[in-house]
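All residue numbers for the sequence shown refer to the UniProt record's numbering, where the first residue is 1 and numbers rise by one.
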Amino acid sequence: MDMRNDLFSKRPARGGVGLPGRQVQSRPPPGGDMGYDNSPRGSGMGIAPPPSNYDSYGGARSPGRPPNQAAQMGGGGGYGGGGYGGAPPPQAYQQPPPPQQQNYSQQSYSRSRPVTLRLAKVEDKTLQPQYIFGNICAVSPNDFPNPDGTDLYIRLTGRMLRGDYVVTARPTPGFPSGCVSLSDPQRTWCGVGMMDELVGELYDPASNGAPAYLGSMDLEIGFASAKKVVDIQYDQDELADLFTTSYQGQIFAPGQRLLMDVKNVPLAILVKTVTLLDPTMEKQSSEAPTLSDASARGILAKMTTIGFYKDPKTPMKLKASNKRPAANAIISPDFKFENMGIGGLDNEFSTIFRRAFASRIFPPGLIDKLGIMHVKGMLLYGPPGTGKTLIARQIGKMLNAREPKVINGPEVLNKYVGQSEENIRKLFADAEKEYKEKGDESGLHIIIFDELDAVCKQRGSGAGGGTGVGDSVVNQLLSKLDGVDQLNNILLIGMTNRKDMIDDALLRPGRLEVQIEISLPDENGRQQILKIHTHKMKENNVMEDDVDIVELAALSKNFSGAELSGLVKSATSFAFNRHIKVGTMAGVSEDVANMKVNRQDFLNALTEVKPAFGTDDAELETAMTYGIINFSKNIEPLLNDGMVYVENVRKAERLRHLSVLLHGPAASGKTALAAHIALKSEYPFIKMITPAAMVGFRDEVAKKDYLHKIFTDAYKSPLSILIIDNIERIIEWNPVGLRLSNTILQALVTLLQAPPPKGHRLLILATTSQRSVIEQLDLAGAFDRQIPVPAVRDTQELKEVLKSVGAFDGNRQDIEEAVNMVVESNANGGGAVGVGIKTILTIAESAKFSAQPSQWFADQLASQIARYSPHSS
Numbered sequence: 001m002d003m004r005n006d007l008f009s010k011r012p013a014r015g016g017v018g019l020p021g022r023q024v025q026s027r028p029p030p031g032g033d034m035g036y037d038n039s040p041r042g043s044g045m046g047i048a049p050p051p052s053n054y055d056s057y058g059g060a061r062s063p064g065r066p067p068n069q070a071a072q073m074g075g076g077g078g079y080g081g082g083g084y085g086g087a088p089p090p091q092a093y094q095q096p097p098p099p100q101q102q103n104y105s106q107q108s109y110s111r112s113r114p115v116t117l118r119l120a121k122v123e124d125k126t127l128q129p130q131y132i133f134g135n136i137c138a139v140s141p142n143d144f145p146n147p148d149g150t151d152l153y154i155r156l157t158g159r160m161l162r163g164d165y166v167v168t169a170r171p172t173p174g175f176p177s178g179c180v181s182l183s184d185p186q187r188t189w190c191g192v193g194m195m196d197e198l199v200g201e202l203y204d205p206a207s208n209g210a211p212a213y214l215g216s217m218d219l220e221i222g223f224a225s226a227k228k229v230v231d232i233q234y235d236q237d238e239l240a241d242l243f244t245t246s247y248q249g250q251i252f253a254p255g256q257r258l259l260m261d262v263k264n265v266p267l268a269i270l271v272k273t274v275t276l277l278d279p280t281m282e283k284q285s286s287e288a289p290t291l292s293d294a295s296a297r298g299i300l301a302k303m304t305t306i307g308f309y310k311d312p313k314t315p316m317k318l319k320a321s322n323k324r325p326a327a328n329a330i331i332s333p334d335f336k337f338e339n340m341g342i343g344g345l346d347n348e349f350s351t352i353f354r355r356a357f358a359s360r361i362f363p364p365g366l367i368d369k370l371g372i373m374h375v376k377g378m379l380l381y382g383p384p385g386t387g388k389t390l391i392a393r394q395i396g397k398m399l400n401a402r403e404p405k406v407i408n409g410p411e412v413l414n415k416y417v418g419q420s421e422e423n424i425r426k427l428f429a430d431a432e433k434e435y436k437e438k439g440d441e442s443g444l445h446i447i448i449f450d451e452l453d454a455v456c457k458q459r460g461s462g463a464g465g466g467t468g469v470g471d472s473v474v475n476q477l478l479s480k481l482d483g484v485d486q487l488n489n490i491l492l493i494g495m496t497n498r499k500d501m502i503d504d505a506l507l508r509p510g511r512l513e514v515q516i517e518i519s520l521p522d523e524n525g526r527q528q529i530l531k532i533h534t535h536k537m538k539e540n541n542v543m544e545d546d547v548d549i550v551e552l553a554a555l556s557k558n559f560s561g562a563e564l565s566g567l568v569k570s571a572t573s574f575a576f577n578r579h580i581k582v583g584t585m586a587g588v589s590e591d592v593a594n595m596k597v598n599r600q601d602f603l604n605a606l607t608e609v610k611p612a613f614g615t616d617d618a619e620l621e622t623a624m625t626y627g628i629i630n631f632s633k634n635i636e637p638l639l640n641d642g643m644v645y646v647e648n649v650r651k652a653e654r655l656r657h658l659s660v661l662l663h664g665p666a667a668s669g670k671t672a673l674a675a676h677i678a679l680k681s682e683y684p685f686i687k688m689i690t691p692a693a694m695v696g697f698r699d700e701v702a703k704k705d706y707l708h709k710i711f712t713d714a715y716k717s718p719l720s721i722l723i724i725d726n727i728e729r730i731i732e733w734n735p736v737g738l739r740l741s742n743t744i745l746q747a748l749v750t751l752l753q754a755p756p757p758k759g760h761r762l763l764i765l766a767t768t769s770q771r772s773v774i775e776q777l778d779l780a781g782a783f784d785r786q787i788p789v790p791a792v793r794d795t796q797e798l799k800e801v802l803k804s805v806g807a808f809d810g811n812r813q814d815i816e817e818a819v820n821m822v823v824e825s826n827a828n829g830g831g832a833v834g835v836g837i838k839t840i841l842t843i844a845e846s847a848k849f850s851a852q853p854s855q856w857f858a859d860q861l862a863s864q865i866a867r868y869s870p871h872s873s
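Structure representation (structure tokens):
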């Protein structure tokens, strides 16, 4: 359909009157009625037509026709039909020209001058309802003369206003000059008080080209008075028709408030969002942006699509229709993730909406036909600081429903017998009462349960101090979620860091069936979070231009949302430090007004704030004290193999998990090579498990739990590397007495072979000096690949090692002398060495402090060669 034809109705023009008894001129036309129309379809007041030579939106008046004649032709008809004193207009006036032919640029706009205005009331009580329920402001004809007697668009500005607001105003005879009347909803919208001073001037909707029309608008509707509440369902189609008829031709913007009278019941309406439409287009674009900022405004047309959303604070009921199936949508139409202060969770929110909320925006009748129940429970789990509690704190802004009940898990527990179970029952009491009264028409009751693992541990685990209260709380929660009396109007959102501790019965379908991992943000997510935390800095120009959010997001691998917030705070502390007076701790320098946070502040913060699930660079650098020395032709291929395995895990579709064993003589550099491969991989999560870290545990069970926790932490990152150093010591292998810890051995075998969860990849690098023992214990079979790490085999490789580290102050003659002494001292193998590179490097480092470095080095190394030589007894 051509929108230009649809934009203007073919029904008889109302001469600027869309509701009963609308006055369109300074005096009523013959037979006209200024008061309410008592038609059975409701009462209200007339719409405001476009200014001057237009009697109604799309209803052009013939040039030169007297105003009263135009008014008589259009009538003053009531809602839904013709009114008093007017024959229908001739056929020539029923189809006005398309919008592009209309001329809004009138001489009155060019002559417009700002007028200082104060608030005043319309004293005529018979006119007050027309202005209040018609969304009309009264102004003086002396301030805004309009011989045609039609309504005008006036833009209000002022020192006390947050912006500019366009209202529909009517020059009213007898109204005092320098004043304007604003209803309570209009004053709330503009944010003005009774004593504030305003500036008003005529507003030309075509000042920037063609006037903007509304393609669609979302309205929040509820009862305006607690004393006038009716228990009926309001048909959305009828409300939309009444709204269009009442206010067609008026300009609306997001945030605007007004009152509409429906069968003597005042309804409060809030404009949530609008979609602007260019009427010169052949058809409406499906990609027209939905706007929620107050600067977006447009004219209400007959073809404007209107959607209603119930005000969650009132008990109003909206009846769904085929035209508007999303009548009871619980997602607020002007909701934005940025307003919630949450970033990096777009995919998670998409899943949450699809699983938990999508079925609730459709009419109950359709859901009944499908024969399904709404999702009743959802579990958000993941590492600390990723935004689970923040979602709970901000979810009220996202939902167009009653305020959620928020409870922390430990608050449920009570020392009195039965009180903990009673606390659970109280959470569901309101939902049960409403569901018994209204059934599926009941509103949604949301319960947010933080730290769910505190009260919903596995039954039989002894939680609750032996009293069984923990089991009773779980049983009570299960019965309320999916008991005999099922509720279909509840949604329980639980949050925990320890999903493994929650009773399995709670996680099955029908209870907390939607389980969403809120994991560490990826690079794009970190960009979103950093933009949120630095938004005010940038807006207020206290952040230097050299700060690159993209760069910071790349450098902050494995940072959680909370840690990124800490990063920004740390950067500001460095900026503060530059503006503290020298020699004082509390004095602020005079140039503090010029303080700005720069790139170096953020780089300094990155050295100070470390992610809990990131890479401990200090530990890895300690393992690589001497770096990597290519003393042998076998070292480079060894490193290449390691990087191949890194890329396999990173990119291979089916190879998401790989375990590699590096084996070789003691002190041959296995740990250094593993650390080097891990650092070069640039994986966001790298963790080293060493025997020293397990010394402080009391028993085998504690050590096993520690191993399990390390692997669990690794699964929280999309790409992880675990280095298990000296694996024979971790399993407590001993050649005599009690040989090993079977508990830890079996746990390691299981963890080495278990694939990571979907969406996560893990590379395991393990080192051992006792490959024969690993083979005996059948542990070698748990590794997918093995890399042999050689010792320094001969004197030629020994020379390369000493030259690379600058031994003996880099004196080549001393190096040759030391190597020759080693050969002479080696009675078993001549030029053979067979000692680990780490042993050689530590001996060379110690030789610096000897009176005869070369001789001391040769003697010490010869003893080590003799120790590890296969010829030694």
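No residue lacks a Cβ here, since even glycine has one placed at the ideal position from N, Cα and C. None of these values were measured; they are calculated from a predicted model.
Span separating the alpha-carbon of residue i from that of residue j
i, j, result
"Lys716", "Ala612", "11 Å"
"Leu214", "Gly149", "25 Å"
"Glu647", "Gly255", "53 Å"
"Leu745", "Ile774", "11 Å"
"Ala866", "Asn826", "7 Å"
"Gly134", "Leu259", "8 Å"
"Ala593", "Asp241", "56 Å"
"Gly385", "Asp311", "33 Å"
"Tyr234", "Leu492", "29 Å"
Assumed close pair residue i, residue j - CB separation to whole angstroms, cut-off 8 Å
i, j, result
"Phe783", "Leu661", "4 Å"
"Leu512", "Leu379", "4 Å"
"Ile424", "Val412", "6 Å"
"Ile689", "Leu639", "Contact doesn't hold; Cβ gap of about 22 Å is too wide."
"Lys581", "Ser589", "5 Å"
"Val789", "Gly664", "3 Å"
Beta-carbon proximity check, residue i vs residue j, cutoff 8 Å
i, j, result
"Ser772", "Ala666", "no"
"Ile837", "Phe685", "no"
"Leu802", "Ala747", "no"
"Leu658", "Arg812", "no"
"Ala675", "Met624", "yes"
"Ile251", "Gly222", "no"
"Leu520", "Pro383", "yes"
"residue 932", "Val199", "The structure shown does not extend to residue 932, since the chain spans only 1 to 873, so no value can be given for it."
"Gln458", "Met495", "no"
"Ser183", "Tyr131", "yes"
DSSP-derived helix/strand/coil call for residue i
i, result
"residue 881", "Absent from the structure is residue 881, since the part of the chain shown begins at 1 and ends at 873."
"Ile629", "coil"
"Ala678", "helix"
"Asp148", "coil"
"Ile721", "strand"
"Met688", "strand"
"Asp346", "helix"
"Leu117", "strand"
"Phe613", "coil"
"Lys272", "strand"
"Leu156", "strand"
"Gly15", "Per-residue confidence for Gly15 stands at a pLDDT of 34, beneath the threshold of 50, marking its modelled position as unreliable; no derived number is given."
"Tyr715", "coil"
"Ile787", "strand"
Cutoff 8 Å: residue i Cβ touching any chain B Cβ
i, result
"Gly387", "No chain B appears in the structure shown, which is made up of a single protein chain."
heavy atom of the ligand PLP below 7 Å from residue i C-beta
i, result
"Lys388", "The ligand PLP is absent from the structure shown, which contains no ligand whatsoever."
Quiz item: Counting only runs that start and end within the segment 167-253, where is the alpha helix (DSSP H) found for 4 or more residues in a row?
Solution: 184-190 and 236-247
Quiz prompt | Ordered list of alpha helix (DSSP H) runs contained in the UniProt domain "AAA+ ATPase" (374-522), each at least 4 residues | solution = 388-398, 409-412, 419-438 and 469-482
Quiz prompt | Sequence ranges, alpha helix (DSSP H) only - wholly within the segment 525-575, length at least 4 | solution = 535-539 and 549-555
Quiz item: Whole alpha helix (DSSP H) runs in the segment 805-848 with 4 or more residues, listed along the chain?
Solution: 812-825 and 837-847
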